[in-house]
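Written out below as structure tokens is the structure these notes cover.
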Amino acid sequence: MKPILLVVMDGVGFSKTGIGDAVTMANTPVLDHLLKEYPNVRLRAHGRAVGLPTDDDMGNSEVGHNALGCGQVYSQGAKLVNESIASGKMYASDAWKEVVGNVTGNGSTLHFIGLLSDGNVHSNVAHLFDMLKRAKSDGVKRARVHILLDGRDVPATSALEYVERLEEVLAGLNGGGFDGKIASGGGRMKITMDRYQADWAMVERGWQTHVKGEGRFFGSAKEAIETLRLEHENIIDQDLPPFVLSENGEAVGKILDKDSVILYNFRGDRAIEISMAFDDEDFNKFDRSSANGPLNVVYAGMLQYDGDLCLPKRYLVNPPDIEDTLSELLVKNGVRQYAVSETQKYGHVTYFWNGNRSGKFNEELETYKEIPSDKVSFDERPWMKSADITDDLIAVIESGKYDFIRCNFPNGDMVGHTGNLDATVTGVEAVDLSLARLIPVCDERGVTLIVTADHGNADEMLEKDKKGNLAVRTAHSLNPVPFILRDGGYRLKSGGDFGLANVAPTVAELLGITPPGCWEESLLE
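Quick note, the sequence shown lines up with residues 3 to 527 if you use my numbering.
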């Protein structure tokens, strides 16, 4: 059994349009050589291949690593919530009943916080609209919506389109004793939606904006967005500063004692910290108190964002029960495993890879390493921590302690999300340089190298708008991703409709282990 190193080049796919293709623009002699000289196939990394509702839905790192690590396709994200809403299970849940009962029993306000987007990566506005309508029918009299602006999973400056849609829904509901309004907002990369505890100040700004109603006042969300765009040249939605909507000099939607709050994002990574701020009794990352002391509200998430931490305590939709993961299989067979990435993707090679579990299956057989990410905009240091990850991998390979090693290089995704094409080219080149350093060590130690990705991004950084003009694209792509096997002793199947879930059974077969019958097929011929 030869050891295996699996490299996930996050956000690196094959462009279909050739527009803004940082992967092709980059100088990548190693990747080019691997694709030319070694067995490789293209994998689907979006839509139904990763459990999302349709093939128009772009993949993301969370569902991508779920599929990579479990060898199966589960209903995910929007599809999971869609099914729960359609079946009525969400509104029959104890969490929904408690959230609504608290409001109707106390004559208080139901607040919704989330990404105002239909990108189907973190949220879908259709879920918000449905909940607003159901809340009114269930007797809620007052609702406030705290909007986080996207511009990352949807066009970069599309916020006003979503605001208009929300305003139309609220206008249709208002009256008959119901009062619904937008209360606050801001760009997703400025407030609230930090992840992996990288920037608690970002979450605190969100708390001050949504909960305390502190910040710059505007009369409407439209006014806020248009004003802030004029004041910040070339700014995109995800970077817009926070704002608070007001009437008669007062915020229209402070979150007060006895209110209820629903975070309607379904993706976990950027929902955990704000959930901690609402749910954790011993929270100490920033001051949550008001003039009346600690806030007493009923809080629920769309999903449970961390099962091991039981966070949040209340959630509207049960997560997929992912069983028979690759890590479980390898542990059962005594395979020693190592996982490493920097902070931005550490959770992906651990928590998401292991079927949404924070812990290890076996402390003796598994080792995880997190390399702290720089706290700067990723286009300022597009190489990120690729050199540090590579240094660590070389030491791990040379130690000879592990049979299966996995890593994630975040550059193509995280730098790609900034919209900076030149910087993303540099980021892709940094990953290629890492591959150049890893290959000789793999050869020296007899390690089989697998190179793949979790979804596309850097491969499509420009798009044509409705007028045919080129515009910056910061969202993931719908493009296929590579699977390269750097081992001349094997051939890969061709002509199949393969996806990310085919990777785990391929790894198992390479290690001489029979995969569970519920898995997808191996890519080995």
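Just so it is clear, CB atoms sit at the ideal spot from N, CA and C, and this is done for glycine as well.
Opening and closing residue of the beta strand (DSSP E) in which residue 479 lies: Note, residue 479: premise wrong, no beta strand (DSSP E); not H, not E.
- Task: Reducing DSSP to helix, strand and coil, say where residue 113 ends up.
- Result: strand
Since I believe residue 152 is in contact with residue 239 (beta carbons under 8 Å), could you give me their beta-carbon distance rounded to a whole number of angstroms? 6 Å
For residue 285 and residue 349, what's the separation of their Cα atoms in angstroms?
21 Å
- Task: Use the C-beta contact count for residue 493: other C-beta atoms within 10 angstroms, 16 or more gives buried, fewer gives exposed.
- Result: exposed
Selection from 38, 138 and 28 that minimises the alpha carbon distance to residue 178 = 138
- prompt: From the DSSP output, which residues share a beta bridge with residue 182?
  reply: 145
CB residue 414 to CB residue 429, shorter than 8 Å?
yes
Let's test the definition: count the other Cβ atoms within 10 Å of the Cβ of residue 288 and tell me whether it reaches 16, buried, or not, exposed.
exposed
For residue 499, which residues from the same chain have a beta carbon less than 8 Å from its beta carbon, with the 5 sequence-adjacent residues on both sides left out? 46
| query | When the Cβ atoms of the stretch 270-283 are set against those of the stretch 204-219, are three or more pairs found closer than 8 Å? | reply | yes
- prompt: Counting along the chain, where does the alpha helix (DSSP H) carrying residue 92 start and finish?
  reply: 91-94
Buried or exposed: residue 520, going by 16 or more other Cβ atoms within 10 Å of its Cβ? exposed
Residue 224 versus residue 247 - alpha carbon distance: 10 Å
- prompt: What are the complete beta strand (DSSP E) segments, minimum 3 residues, inside the stretch 246-326?
  reply: 262-265, 300-305 and 317-319
- Message: For residue 387 and residue 418, I'd like the C-alpha separation in whole angstroms.
- Response: 15 Å
Is the separation between the beta-carbon of residue 525 and that of residue 508 shorter than 8 Å?
yes
* **Backbone CA spacing between residue 229 and residue 217 [nearest angstrom]** => 15 Å
| message | Quick check on the DSSP output: the beta strand (DSSP E) that includes residue 462 runs from which residue to which? | response | Counting along the chain, residue 462 falls outside any beta strand (DSSP E), and DSSP gives it neither H nor E.
Roughly how many angstroms lie between the CA atoms of residue 55 and residue 49, to the nearest whole one?
6 Å
Checklist entry - Which residues mark the beginning and the end of the beta strand (DSSP E) in which residue 406 is found? => result 406-411
query = Beta-carbon separation of residue 341 and residue 272 under 8 Å?
reply = no
* Which ranges would you report for the beta strand (DSSP E) in the stretch 321-378 if only whole runs of at least 3 residues count? -> 339-344 and 368-373
Report yes if the CB atom of residue 183 is closer than 8 Å to the CB atom of residue 244, and no otherwise. no
Contact set for residue 8: own chain, Cβ-Cβ below 6 Å, skip 5 residues either direction: 408 and 452
By Cβ distance, which residues of its chain are closer than 8 Å to residue 40, with the 5 residues on each side in sequence left out? 486, 487, 488, 489 and 490
Next on the checklist: Check whether the stretch 357-368 and the stretch 92-104 touch, using three or more Cβ-Cβ pairs below 8 Å as the test.
Outcome noted: no
**Inter-residue spacing [alpha-carbon to alpha-carbon] between residue 144 and residue 134** = 10 Å
Open item on the list: What does the alpha-carbon distance come out to for the pair residue 162 and residue 460?
Closed with: 26 Å
Below 8 Å on the Cβ atoms is my contact criterion, and I expect residue 129 with residue 262 to pass it. Report the Cβ-Cβ distance as a whole number of Å. With a Cβ gap of about 16 Å, residue 129 and residue 262 do not count as contacting.
Practice problem: Identify the continuous alpha helix (DSSP H) that holds residue 44 and give its terminal residues. | Solution: Counting along the chain, residue 44 falls outside any alpha helix (DSSP H), though it belongs to the beta strand (DSSP E) covering 42-45.
Alpha-carbon to alpha-carbon, residue 397 and residue 338 | 16 Å
Rounded to whole angstroms, what's the CA-CA distance from residue 502 to residue 68? Just pull it up for me. 9 Å
Open item on the list: Using 8 Å for Cβ pairs, my map puts residue 376 next to residue 383. What's the rounded Cβ distance?
Closed with: 5 Å
Exercise. Is residue 185 closer than 8 Å to residue 255 when the C-beta atoms are compared?
Worked result: yes
### Query
Leaving out five residues before and five after residue 352 in sequence, what residues of the same chain have Cβ atoms less than 6 Å from its Cβ?
341 and 370
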